[in-house]
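2 protein chains.
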Amino acid sequence: MRLGAIEAGGTKFVVAIGDEEGNVYERCSFPTTTPKETVEKIFEFFDDKEIVALGLGCFGPINLDLQSDTYGYITTTPKLGWKDYNIVGAIKEHYPNLPIGFDTDVNGAALGEVYFGAAKGLDSALYLTIGTGIGGGAIVEGNLVHGLLHPEMGHMMLAMREDDHYKGKCPYHGTCFEGLAAGPAIEERWNRSAKELPENHPAWDLEAWYIAQALAIYVLTLSPKKIILGGGVMHQKQLFPMIHKYLQERLNGYIQKEEITTEKISDYVVYPMLGDNAGICGALALAKMAKSL
Amino acid sequence: MRLGAIEAGGTKFVVAIGDEEGNVYERCSFPTTTPKETVEKIFEFFDDKEIVALGLGCFGPINLDLQSDTYGYITTTPKLGWKDYNIVGAIKEHYPNLPIGFDTDVNGAALGEVYFGAAKGLDSALYLTIGTGIGGGAIVEGNLVHGLLHPEMGHMMLAMREDDHYKGKCPYHGTCFEGLAAGPAIEERWNRSAKELPENHPAWDLEAWYIAQALAIYVLTLSPKKIILGGGVMHQKQLFPMIHKYLQERLNGYIQKEEITTEKISDYVVYPMLGDNAGICGALALAKMAKSL
Numbered sequence: 007m008r009l010g011a012i013e014a015g016g017t018k019f020v021v022a023i024g025d026e027e028g029n030v031y032e033r034c035s036f037p038t039t040t041p042k043e044t045v046e047k048i049f050e051f052f053d054d055k056e057i058v059a060l061g062l063g064c065f066g067p068i069n070l071d072l073q074s075d076t077y078g079y080i081t082t083t084p085k086l087g088w089k090d091y092n093i094v095g096a097i098k099e100h101y102p103n104l105p106i107g108f109d110t111d112v113n114g115a116a117l118g119e120v121y122f123g124a125a126k127g128l129d130s131a132l133y134l135t136i137g138t139g140i141g142g143g144a145i146v147e148g149n150l151v152h153g154l155l156h157p158e159m160g161h162m163m164l165a166m167r168e169d170d171h172y173k174g175k176c177p178y179h180g181t182c183f184e185g186l187a188a189g190p191a192i193e194e195r196w197n198r199s200a201k202e203l204p205e206n207h208p209a210w211d212l213e214a215w216y217i218a219q220a221l222a223i224y225v226l227t228l229s230p231k232k233i234i235l236g237g238g239v240m241h242q243k244q245l246f247p248m249i250h251k252y253l254q255e256r257l258n259g260y261i262q263k264e265e266i267t268t269e270k271i272s273d274y275v276v277y278p279m280l281g282d283n284a285g286i287c288g289a290l291a292l293a294k295m296a297k298s299l
Numbered sequence: 007m008r009l010g011a012i013e014a015g016g017t018k019f020v021v022a023i024g025d026e027e028g029n030v031y032e033r034c035s036f037p038t039t040t041p042k043e044t045v046e047k048i049f050e051f052f053d054d055k056e057i058v059a060l061g062l063g064c065f066g067p068i069n070l071d072l073q074s075d076t077y078g079y080i081t082t083t084p085k086l087g088w089k090d091y092n093i094v095g096a097i098k099e100h101y102p103n104l105p106i107g108f109d110t111d112v113n114g115a116a117l118g119e120v121y122f123g124a125a126k127g128l129d130s131a132l133y134l135t136i137g138t139g140i141g142g143g144a145i146v147e148g149n150l151v152h153g154l155l156h157p158e159m160g161h162m163m164l165a166m167r168e169d170d171h172y173k174g175k176c177p178y179h180g181t182c183f184e185g186l187a188a189g190p191a192i193e194e195r196w197n198r199s200a201k202e203l204p205e206n207h208p209a210w211d212l213e214a215w216y217i218a219q220a221l222a223i224y225v226l227t228l229s230p231k232k233i234i235l236g237g238g239v240m241h242q243k244q245l246f247p248m249i250h251k252y253l254q255e256r257l258n259g260y261i262q263k264e265e266i267t268t269e270k271i272s273d274y275v276v277y278p279m280l281g282d283n284a285g286i287c288g289a290l291a292l293a294k295m296a297k298s299l
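Just so you know, the sequences run in chain order E and X.
Here the working numbering runs 6 ahead of the position in the first sequence, where the first position is 1.
Here the working numbering runs 6 ahead of the position in the second sequence, where the first position is 1.
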């Protein structure tokens, strides 16, 4: 089954051909310019590919409410020219009969890990990306969480660690998770690019402490069967054992599941299996889901 | 369709006969004694009632994992005699062919509000009970959230308000949501029974502040279409406008949905429509779901 995948980012678009097993056969990427130009490049790539469904994991915020007149729109983005752009409509007009799976990039990545990756076969998982920003996608009882809007997991307020007096980076919430722990916050707090901080720098212990605090909240609200941490910051693999330890400390034995209370936690909070393919495989997963609906 | 409902609490059991519209025809309650005695009272009540399904909303923690050998057990409760008791098994043995819907009391209450109450017809909602403890049940894309265990929403750590120096009441987490804002915490902090605190006491402003902080987290993780606040503390109706205001302040316009950003918020965070029938109607909802599976 030939599936099309689009990873729509604010900086670049990636388009690819793959299949329902998550294999990627061919890919191409180009910078995000105007909607018109960008969408024409999409058509150029897919026009002769005979795909049976298309998945689109998209930067946001986007409208996912099927009942809404503006379903399929990119909504309040500051990105020039893309505000209130009907991206699904533009594609549907060109390929009227093609099933299109549309969701946030991070929901796509979550679905990709469930279909093809670290959470394969599970009906419950959380995918978190920690990089320039922090976002999360969750699968609950086999479905992506949407609801009123879609989760914005990076914007929860966290309690500050006593020795941390950083004012926070988020223009909306100051010291929310993203404001305390995304890449730009690390850089501003320590006055150095995160990549330049040595592996044993105290920055990473603090980072793990905040990530674990957030994960505890997700465990207590979403009860995921697996937590997958991706994004640029998580390339710092030394974070994982610290996150495991702090998550156990914080939950303090209250959630009596060996996945959390024992050393099995190293298989509960994990690195993405799809690695840097998470985005495009996520879009493939959205295409696969659209085909099966 | 005659449905049976059991609201199993640590102090008392309520049993009832109702229907798929949420009507309750007959009810009876008795104290929670030993499992054997209590279960026999259940059989006495239902034996001649010709019900077609039974719902059981149960105090916890309980095992809801259908793949597990101990599905249907009450697990680590400190309640004498009930630890590791197979309550579903005991009922199944007596009524081998009856579909039984089994879940936490608070998941039942959430389902009840979605089937019959304030969230009727919605595929997404959050029900929170704030009383002696704090617990939450959520419906996501039409399904109750279970996952690894089940949510334990009252045990998230919250950031303390600057003017609050209370040490917290939770033996596991100190200043988690339950440790800061459940009834016993209010009483210990202010040295008076919550019921005796006048309506304009500063306790309620602080209470609303903590509740709003927790609701913001649920909005950002679960994205519910409706939030229903029940339990003894929420009998203090003056809390609602304060919660609405603090929730808007905390999200700070980031979730651009008029349900939250406008005065419509008074219809977004609401009191349970089923009121004190929440528990038993929740059990009816579990019976209805069991019958339709």
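All residues carry an ideal CB built from backbone N, CA and C; glycine is no exception.
In this text, all values refer to a predicted model and were calculated from it rather than measured experimentally.
Close to chain E, meaning a Cβ-Cβ distance shorter than 9 Å, are the following residues of the segment 240-258 of chain X: R256, L257, N258. Across the segment 133-163 of chain E, CB contacts with chain X closer than 7 Å involve V146, E147, N149, V151, H152, G153, L154, L155, H156, P157, E158, M159, H161, M162, M163, in sequence order along the chain.
Per DSSP, the continuous alpha helix (DSSP H) segment holding L228 of chain E begins and ends at 208-228.
Fewer than three beta-carbon pairs drawn from the segment 175-182 of chain E and the segment 205-214 of chain E are found closer than 8 Å, and the two stretches are therefore not classed as touching. Residues of the segment 73-94 of chain X whose Cβ lies closer than 7 Å to any Cβ of chain E, in chain order: T82. With a 10 Å radius around the Cβ and a threshold of 16 neighbouring Cβ atoms, L299 of chain E comes out exposed. Assigned with DSSP and collapsed to three states, V239 of chain E falls in helix.
Burial check for G189 of chain E: the Cβ neighbour count within 10 Å reaches 16 or more, so the residue is buried. Under the criterion of beta carbons closer than 8 Å, L128 of chain X and V120 of chain X qualify as touching, at roughly 6 Å.
Chain-ordered, the chain E residues with CB closer than 8 Å to the CB of Y260 of chain X read E158, H161, Y178, H179. Contact of T39 of chain E with chain X by beta-carbon distance below 8 Å is absent, the smallest such distance being about 26 Å.
Taken in chain order, the complete alpha helix (DSSP H) segments of 4 residues or longer contained in the segment 120-191 of chain E are 183-187.
Interface criterion not met: the Cβ of I233 of chain X is under 7 Å from no Cβ in chain E. One alpha carbon belongs to G285 of chain E, the other to G237 of chain E, and they sit about 10 Å apart. A direct Cα-Cα distance of roughly 30 Å separates F246 of chain X from F19 of chain X. Chain E has a Cβ within less than 7 Å of the Cβ of T227 of chain X. Burial check for D273 of chain E: the Cβ neighbour count within 10 Å stays below 16, so the residue is exposed.
Look at L299 of chain E here: in three-state DSSP terms it is coil, with no helix or strand label. Between the segment 135-144 of chain E and the segment 103-118 of chain E there are three or more C-beta pairs closer than 8 Å, enough to call the two in contact.
Across the set E:C34, E:P84, E:G10, the C-alpha of E:G10 shows the shortest separation from the C-alpha of K55 of chain E. When secondary structure is reduced to three states using DSSP, D111 of chain E falls in the helix class.
The Cβ atoms of G15 of chain E and F65 of chain E sit closer than 7 Å to each other.
Residue contact with chain E for P230 of chain X: present (Cβ-Cβ distance below 7 Å to some residue of chain E). Going by C-alpha positions, V225 of chain X is about 7 Å away from P157 of chain E. Taking 7 Å as the cut-off, the Cβ atoms of I249 of chain E and A218 of chain E count as close.
For the pair D109 of chain X and H241 of chain X, the Cα-to-Cα distance works out to about 25 Å. When DSSP reads this structure, S35 of chain X sits in a beta bridge with X:V20.
Using a Cβ-Cβ cut-off of 7 Å, K201 of chain E does not count as an interface residue toward chain X, since no Cβ of chain X sits closer than that to its own. Between the alpha carbons of T138 of chain E and K98 of chain E lies a distance of about 31 Å. Counting along the chain, L104 of chain E sits inside no beta strand (DSSP E), nor does DSSP assign it H or E at all. Distance from the CA of Y101 of chain E to the CA of W88 of chain E, rounded to the nearest whole angstrom, comes to 21 Å. From the beta-carbon of K263 of chain X, the residues of chain E found nearer than 9 Å are L154, L155. Residue nearest to T44 of chain E within the set E:R198, E:K231, E:N92, E:L70 is E:N92 (criterion: CA-CA distance).
Under DSSP, L62 of chain X shares a beta bridge with X:I12, X:F108. If the five residues before and after T82 of chain X are omitted, its C-beta is found closer than 7 Å to the C-beta atoms of P67, K89, all from its own chain and listed in chain order. In the DSSP assignment, R256 of chain X falls within the unbroken alpha helix (DSSP H) covering 245-257.
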